[in-house]
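Visitor: This is the structure I have questions about; it appears just below.
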Amino acid sequence: MERLNQKLASAQKALMRFEEALVKMEAQGEISDYELIRDSVIQRFEFTYEMTWRLLRLFLEKVKLVSLDQLTSPRQIFRVAAQVNILSSADLKIVSDIIEDRNKTTHTYDEEVAEEIAHKLRLYADFMKSIIEQISRDVSVK
7 MERLNQKLAS
17 AQKALMRFEE
27 ALVKMEAQGE
37 ISDYELIRDS
47 VIQRFEFTYE
57 MTWRLLRLFL
67 EKVKLVSLDQ
77 LTSPRQIFRV
87 AAQVNILSSA
97 DLKIVSDIIE
107 DRNKTTHTYD
117 EEVAEEIAHK
127 LRLYADFMKS
137 IIEQISRDVS
147 VK
């Protein structure tokens, strides 16, 4: 359980930093530093996403007692989370978009793609926050 608490704290901190950067990006608009800030927000999105799905995996194993030995991909972990009612089927659509955009930011850099993803980051931050908060509530009850 200690490992889960450590991962939870790390995910909460990553989310906080992601949200801080997102607020700065949203405030910049067309100012010259916008692209630099946008790109750093995208990196924080990538990092927070990684922390979130790994936290969810550990939570499923330690608290929900789900055997995940053969499951290694984020998509598989999110599907299992839906099966145990942590996520809804509607949430899986958001997850699919997040995974797709995460892959786009990791494997290519295109200004148009970066801008397209930037417009979705508030939704993604709110979604990851809801997962982290739910895990936090469930862990504090245990």
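All letters in the sequence shown, in the order written, are residues 7 to 148 by our numbering.
Beta carbons are placed, not taken as given, at the ideal position from N, Cα and C, and that holds for glycine.
Computed from a predicted model, the values in this text were never measured in an experiment.
Do L18 and I92 have their CB atoms nearer than 8 Å?
Guide: In the sequence as presented, Leu is not what sits at residue 18; that position holds Gln. Not closer than 8 Å, so no.
Visitor: Within the continuous alpha helix (DSSP H) that includes M57, where are the two ends?
Guide: Counting along the chain, the alpha helix (DSSP H) containing M57 begins and ends at Y40 to K68.
Visitor: For the 8 Å Cβ check, are there 3 or more pairs between the stretch 62-72 and the stretch 103-122?
Guide: Because the criterion of three Cβ pairs below 8 Å is not met, the stretch 62-72 and the stretch 103-122 do not touch.
Visitor: Are the stretch 94-109 and the stretch 18-32 touching by the rule of at least three beta carbon pairs closer than 8 Å?
Guide: No, the stretch 94-109 is not in contact with the stretch 18-32.
Visitor: Express the C-alpha separation of K13 and I138 in angstroms, rounding to a whole number.
Guide: Rounded to the nearest angstrom, the two C-alpha atoms are 10 Å apart.
Visitor: Suppose you measure from the CA of S73 to the CA of V147; what does that come to, to the nearest Å?
Guide: Cα-Cα distance, rounded: 22 Å.
Visitor: If contact is defined by three or more beta carbon pairs under 8 Å, each pair taking one atom from either stretch, is the stretch 127-136 in contact with the stretch 73-91?
Guide: No, the stretch 73-91 is not in contact with the stretch 127-136.
Visitor: Alpha carbons only, please: which of T78, E56, V90 and V145 is nearest the one belonging to I150?
Guide: Because residue 150 is not part of the residues shown, which for the chain are 7 to 148, the question remains open.
Visitor: What's the gap between the Cα of I100 and the Cα of A120?
Guide: Cα-Cα distance, rounded: 18 Å.
Visitor: In chain order, what residues of the same chain lie with their CB nearer than 7 Å to the CB of R80, ignoring the 5 residues before and after it?
Guide: The sequence as given places Pro at residue 80; Arg does not occur at that position. Around P80: W59 and I105.
Visitor: Look up T114 in the DSSP assignment and say whether it is helix, strand or coil.
Guide: It is coil, neither helix nor strand.
Visitor: Leaving out the 5 sequence neighbours to the left and right, which residues in its chain are closer than 7 Å to S16 when beta-carbon positions are compared?
Guide: Excluding positions up to five away in sequence, the list reads M57.
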